[in-house]
Amino acid sequence: MSEFQLYKKREFSDFIGDTLQFFKNYWKNYLQNYFLTNGIVLLAFAGVYYLTFKDMFANMSNPQGMQQWSQSLINNPAAMVGMMGIMFLLSIVLGVLSTAYPMVYLQLLATEGDGEFSVSLIWKEIMNKAVRILLFGLISAVVLFPAMMIVLVVGVALSLVIIGIPLLILSLPAMMILSFQALYLFVVENEGYFRSLKKAWKITFDKFWHLVGATVVLYFCISIFSSMFSVIPMFFAMGSVITSGGQHGIDPSFGGLMAIMYVLMIFFFFLLYNAIYIHQWLIFYSSQEKEVNVQAFSDIDSIGRDEE
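If you use my numbering, the sequence shown corresponds to residues 1 to 308, in order.
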């Protein structure tokens, strides 16, 4: 396994290339521990999603069936609220685990350096960070996210006069970078919330075009791959309509297939989204190298040890 340089001054191509290089170096251990730490919750979330929406997918082309499905929800509000409540709780747990895992993995890589970490060590570090991740989310819900929504609404409104389109293209990834950097500073560096935002702002706009460009490219690729699992069954469904001359609508059997494909899309989205997390954390380590030259000092120390 070749050594991965975590602390490094990066440009546009480096942010993308090093993200891919990370998975090339550590994919086996990374994915193995990912499924051991996230797998059960991810399976539970996908299972509840399937049970909740499978009848809806099965009756998409059947107005009467959709009406019956809607009526069954109205007649059983406790069941509907219960299922939605379970999905909400599972989504929070899954969000914390999915956020903490790559964060912990790169932090261990920075301190341990070998990229072969046990699940017990990773799990211990995740538990240490879970509370601050939740706290960051709660504070951001009343501080950061409303500000982001204002920017989003302004961008959508200005899209009517064209100028909002480039504003959205630039502001959405910039807000993603800002929030991720603030999260890392708050959780890993134990900075205060507003100090984390201030430092994250500096990181975001230090190499704005490189960071935004690399983030857009990665997110675009992930969206294409994950959406394939929803597009494929839709093509089959359209084929069913065409071959029947449009008289019978979509074959109800495609409802189950579509539900399964959407479950697979959830799996692959969470799996592929690890590339975004790793990419964002590499932005942080790149900013640290620029500030304090961690890798340079490490190289000097290693030269000194070699000469002894």
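A virtual CB, placed ideally from N, CA and C, is assigned to each residue, including glycine.
Do residue i and residue j have their C-beta atoms within less than 8 Å of each other?
i	j	result
D18	L282	yes
F136	F194	no
T204	L211	yes
I122	T37	yes
A157	L90	no
M176	V151	no
S226	K9	no
Would you call residue i buried or exposed, if buried means 16 or more other Cβ atoms sit within 10 Å of its Cβ?
i	result
M261	buried
N76	exposed
G246	Note that G246 scores a pLDDT of 49, beneath 50, so its modelled location is shaky; the value from the coordinates is reported in the next line. Burial call: exposed.
I126	buried
S72	exposed
F284	buried
M149	exposed
A79	exposed
V231	exposed
Is the CB of residue i under 8 Å away from at least one CB in chain C?
i	result
L272	Among the protein chains of the structure shown there is no chain C, as only one such chain exists.
Given this structure, state the Cα-to-Cα distance separating residue i from residue j, to the nearest angstrom.
i	j	result
L264	N33	20 Å
Q280	L106	11 Å
I224	K124	34 Å
V48	N274	23 Å
K28	F268	16 Å
L144	I86	26 Å
Y7	F53	45 Å
F208	A147	19 Å
W201	M83	39 Å
I266	V93	15 Å
Can you check which of these residues, the options, is closest to residue i by C-alpha distance?
i	options	result
S171	L160, V161, V154 and I162	V154
S13	L134, I86 and V216	V216
I128	A157, F117, L97 and L109	For clarity, residue 128 is Asn in the given sequence; the question names Ile instead. Cα-wise, what sits closest to N128 is L97.
M222	M83, I74, G95 and L20	This sequence places Ile at residue 222; Met is not what is there. Per the Cα distances, L20.
S327	V131, A130 and V104	Nothing in the structure corresponds to residue 327, since the chain is present only between 1 and 308.
F88	V131, L42 and A110	L42
Practice item. State whether the stretch 171-190 contacts the stretch 134-153, with contact taken as three or more CB pairs (one from each stretch) at a distance under 8 Å. Key: yes
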